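Right, one structure below, let's go through it.
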Amino acid sequence: MYELHFGVPMAGAVLCTLNIRYDSTTVSVLLRHSEAKVIFIDSQFLSVVEGAFKILSKQVSKLPLLILVSDPNQPSSCTKNSPSIYQESEYESFLALGKLNFEVRRPEDEWEPISLNYTSGTTSSPKGVIYSHRGAYLNSLAAALLNDMRSMPVYLWCVPMFHCNGWCLTWAIAAQGGTNVCLRNVTAKGIFDNICRHRVSHMGGAPTVLNMIINAGEADRSPLSGKVAVMTGGAPPPSEVLFRMEALGFDVTHSYGLTETYGPGTVCTWKPEWNVLPPDARAKIKARQGLHHLGLEEVDIKNPRTMESVPGDGKTMGEVMFRGNTVMNGYLRDVKATKVAFDGGWFRSGDLGVRHKDGYIELKDRAKDIIISGGENISTIEVESVLFSHPAILEAAVVGRPDKYWGETPCAFVKLKEGFTTSEEDIIKYCRDHMPHYMAPRTVVFAELPKTSTGKTQKFVLREKAKAMGSISKTITSAGASLRTPVNVLAAVIHRFELEILGTEPVEEVIPWLYGVTRMDRLLIVAP
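Reminder that position 121 of the sequence shown reads as 121 in UniProt numbering, one-by-one numbering, no gaps.
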C-alpha cells in the first residue's frame, strides 16, 4: 500500500484505500460508488473481494481488474471459486510490465483529486471524501511539523494507511528521508520489539493502542533507549493513560480532526510553562484539541445558527468549524451533502466544543449518534438497520456504552415483537453475520424505548442508561497489569463523524473549487 501512495498519483490516477475490516457487501457498494477500474488486494483478504465481485457482477457489466499482492509468510484466503468472473494479475508480474523511463503524469491543476477516503455510513449513503494534490502536500508538511520530524525519522506504523492516507504521513516520511516500520498485526510485544530493533523515533496510534502499550505484560515489554514521539487522535486519552505512557518513555501529543480535514486538523502544542504542572494537570491539558496547524486557514468554535464565534471562556459551547487548504474538496457525486457541509463558508464538523482563553479548543460533545470504538466511527443508523431486519425485533435504538479498552462499544436497546423470543447472544450473532464485526453490538438490552410526544426515541435517556452500566471490558489499569490484546488490532485514529445538520439551511453561494472534481474516471481502489 505504501508504494501505491506514490505510484497511483504518479500514473495520473486517484488512490482510494479501504478499511480491511469491511465486509463483502460494503466493499461492493464502494467499488460501485467510486467506479473503480483497478483493485489491489492482499491475498489475506481475497475472499472478501471475491464476495464483493459476486454482488457487483449482478449490477455492472465489467468488474475492476484485480491485482493480487501475495505474501509467502502470511496465510491466504484465496478461494478461486469463480475465477472466470474477473481478470486477475499478480502484483510483481504487474510491476514487471512497467518502464523505468516512465514519464510522471503530473496534475494540470493543484486542486485535482489525489485520493478518495470513505467515511462511516458507507453502506446506506457512501460519503467519498475527495483530497486534492494541494491539500495532501500541505497536510504532509503539517504532519511532519506536528510530529516534530527532522531528517531521516524512523516511523512505526500503528496508524492504518487506509485512514486518511495515514494522516498524510505516507508522503511526509518520504519527504524527510525516513524509514517505515510496518506491522501486519499490532500487538504490544510487536510495538516494543520493533521500537528497540529499529530505534524508532516516532509512531502514532489511537487511544486503544496507548492502552495496549501501558497494559503490556512484563514479558512483552522492552526498555526504550530514548524518547519516542507519539501522536494520538480520536477520543481524548484518559489522564492516567497519558501519565503512564510518559513514565514508559513516550512523549504523547493529542490531535483532532476528521476524514474531511485530511486527519489531524488541530494539535495540542505544548508550552514550556506547563512542564512545572503536576502530572494530572499536564494530562488534562494534553487531552485538549489545541490549535489549527499551518495547512488550515482557521478552526473556530461558532454558534451554528448565527455563525458568530463563541467567547473564549472555556464554557460557552459551539460547533467546531474548519476552513483552509486541508479541508476536503467535497463529497464524491454528492453536491447536496457538500453544500450542507459547507453552509456558511465553513466546514461544519458536527462536534461541539469550547475555546479557552489561551485560544486552545476542547471538545465537549460529539455528533450525537456516532459511536467511536477503537478510533473507528460506527454509524448507529447502519447498526439499527440490521437490527430491524431481525425477525423478532420490533424496535431498536443503538447508543455507545463506556468501554475501558475500546473507548465505547455499541449497546442495543430492543423491543421484541409480541409472541417472539430471542436472546442477547442470538442478536449479537445475527448482527455479526450481517455486518462488519466491529460494528455489531456487544450489549443488548430488552426494554421499552423511551419516546417523545412525537414518537421519536429519546436517545439521551438511553445513553445515560448505558453509561450507568459501566465498562463492558474488564480492563485492569493498575501498574503492571495485563490486558487482553486482540492480535489483529489496526485501530483507527481519526474521528470520522457523520455530519449532523444543526437546523441551518444551505446557502446558494458555494466555493467554486469544491465541485470541480475531474479525472475520477481513472480512479483506483486500493485495499491492503
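Using N, Cα and C, we set each Cβ at its ideal position, and we do this for glycine too. In this text, all values refer to a predicted model and were calculated from it rather than measured experimentally.
Anyone know if the C-beta pair for residue i and residue j falls short of 8 Å?
i    : j    : result
Y331 : K127 : yes
V383 : V399 : no
V14  : S115 : yes
Y22  : P436 : yes
L348 : E319 : Note on identity: in this sequence residue 348 is Arg, with Leu being the wrong assignment. Cβ atoms of R348 and E319: closer than 8 Å.
S373 : G350 : no
T119 : T259 : yes
T269 : G295 : no
V228 : S201 : yes
L46  : L18  : no
A216 : F243 : no
V412 : V461 : Reading the sequence as shown, one finds Ala at residue 412 and not Val. No.
K465 : D369 : no
N194 : L156 : yes
T208 : G375 : yes
G263 : C168 : yes
I361 : V299 : yes
Y2   : T170 : yes
Can you grab the Cα-Cα spacing for the pair residue i / residue j, in whole Å?
i           : j    : result
E329        : A219 : As written in the sequence, residue 329 is Asn, which differs from the Glu given in the question. Cα-Cα distance, rounded: 47 Å.
T504        : P304 : Confidence at T504 is low in this model, with a pLDDT of 36, below 50, so the placement of that residue should be treated as unreliable; the coordinate-derived value is given next. Each residue's Cα considered, the two are about 7 Å apart.
D251        : I393 : 48 Å
G12         : N165 : 17 Å
L248        : M212 : 13 Å
L183        : G190 : 8 Å
I20         : I301 : 34 Å
P153        : M10  : 24 Å
G344        : V327 : 15 Å
V230        : M203 : 5 Å
T232        : K417 : 44 Å
R401        : A447 : 16 Å
E90         : T25  : 24 Å
Q87         : L66  : 6 Å
D42         : L30  : 17 Å
F94         : H5   : 16 Å
F40         : T316 : 48 Å
residue 584 : M161 : Residue 584 cannot be examined here, being either before or after the span of the chain that is shown, 1 to 528.
G7          : V159 : 21 Å
F388        : K429 : 14 Å
G324        : A142 : 13 Å
V414        : S385 : 12 Å
K451        : I371 : 21 Å
D426        : P410 : 16 Å
L145        : S61  : 47 Å
G312        : A283 : 21 Å
A175        : D403 : 38 Å
E297        : E110 : 17 Å
T253        : T179 : 21 Å
Q44         : M307 : 48 Å
A281        : G359 : 18 Å
S125        : S423 : 30 Å
K339        : T261 : 16 Å
V129        : K286 : 29 Å
V267        : L363 : 13 Å
K271        : K336 : 42 Å
C16         : V38  : 10 Å
Compute the beta-carbon to beta-carbon distance between residue i and residue j, rounded to the nearest angstrom, for a pair I have assumed lies under 8 Å.
i    : j    : result
F322 : G265 : 6 Å
V181 : H163 : Actually they are not in contact, since the Cβ atoms of V181 and H163 sit about 17 Å apart, beyond 8 Å.
L56  : S34  : With a Cβ gap of about 12 Å, L56 and S34 do not count as contacting.
F405 : S473 : Inspection of the sequence shows that residue 405 is occupied by Tyr rather than by Phe. Right, the Cβ-Cβ distance comes to about 4 Å (below 8 Å), so this counts as a contact.
H133 : E112 : 6 Å
P72  : A36  : The Cβ separation is near 27 Å, so there is no contact.
N117 : Y131 : 7 Å
How about residue i: is its Cβ closer than 7 Å to a heavy atom in the ligand MN?
i    : result
L449 : Absence of the ligand MN is noted for the structure shown, with no ligands found whatsoever.
Checking contacts by CB at 8 Å: is residue i closer than that to chain B?
i    : result
P207 : Here chain B cannot be found, since the structure has a single protein chain.
Any chance you could list the beta strand (DSSP E) runs of at least 3 consecutive residues sitting entirely within the region 281-364, in chain order? Segments of the beta strand (DSSP E) lying fully in the region 281-364: 296-302, 318-324, 347-355.
In the region 113-172, which residue ranges form an unbroken alpha helix (DSSP H) of at least 4 residues, counting only runs that do not cross its ends? 133-146, 164-167
If contact is defined by three or more beta carbon pairs under 8 Å, each pair taking one atom from either stretch, is the region 350-364 in contact with the region 130-139? no
Entirely enclosed beta strand (DSSP E) segments - the region 169-247, minimum 3 residues: 179-182, 202-205, 228-232
Scan the UniProt domain "AMP-binding enzyme C-terminal" (382-456) and note each continuous beta strand (DSSP E) run of 3 residues or more that stays entirely inside, going in chain order. Qualifying beta strand (DSSP E) stretches, in chain order: 393-403, 407-416, 443-446.
Which runs of the alpha helix (DSSP H) at least 4 residues long sit entirely within the region 45-72? Give them in chain order. 46-56
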